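Enquirer:
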Amino acid sequence: MFGISIYLSSDHDFETTIQQASKNGFSLIFSSLHIPEENPANYRYLLTRLGAAANAHDMQLILDISSESLAHIGLKIDNADQLPN
Numbered sequence: 216m217f218g219i220s221i222y223l224s225s226d227h228d229f230e231t232t233i234q235q236a237s238k239n240g241f242s243l244i245f246s247s248l249h250i251p252e253e254n255p256a257n258y259r260y261l262l263t264r265l266g267a268a269a270n271a272h273d274m275q276l277i278l279d280i281s282s283e284s285l286a287h288i289g290l291k292i293d294n295a296d297q298l299p300n
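According to this note's numbering, the sequence shown holds residues 216 to 300 in order.
As structure tokens, this is what we get:
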């Protein structure tokens, strides 16, 4: 099983990266919401895009999160799997 890392602040065309990785047998995507350069105001939009791309290519998404990063997108640890659209 192989995976890729997507850094939301630097890979603005991550859908293409995910598509290429999927075609080459990768099945996991890792991303973090603890990167200081990230703008928390964009988390919801970027995570929605990232989740849609992962679903479209049948890839698992693994996120490094904290309660603070969840709060930026209106979630808590008990509903972290409910990313709103």
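By construction, the Cβ of each residue, glycine as well, lies at the ideal position given by its N, Cα and C atoms.
All values derive from a computational prediction rather than experimental measurement.
What does DSSP give as the partner residues of F245 in its beta bridges?
Expert: According to DSSP, which records beta bridges pairwise, F245 is partnered with S220, I277.
Enquirer: Does the Cβ of D222 have 16 or more other Cβ atoms within 10 Å, making it buried, or fewer, making it exposed?
Expert: Per the sequence shown, the amino acid found at residue 222 is Tyr instead of Asp. Y222 should be labelled exposed.
Enquirer: Taking a contact to mean a Cβ-Cβ separation below 8 angstroms, would you say I280 touches R259 in this structure?
Expert: No.
Enquirer: DSSP three-state label for E252, please.
Expert: The answer is coil: DSSP assigns E252 none of H, G, I, E or B.
Enquirer: Span of the alpha helix (DSSP H) holding I288?
Expert: Where I288 is concerned, there is no enclosing alpha helix (DSSP H), given that its DSSP letter is neither H nor E.
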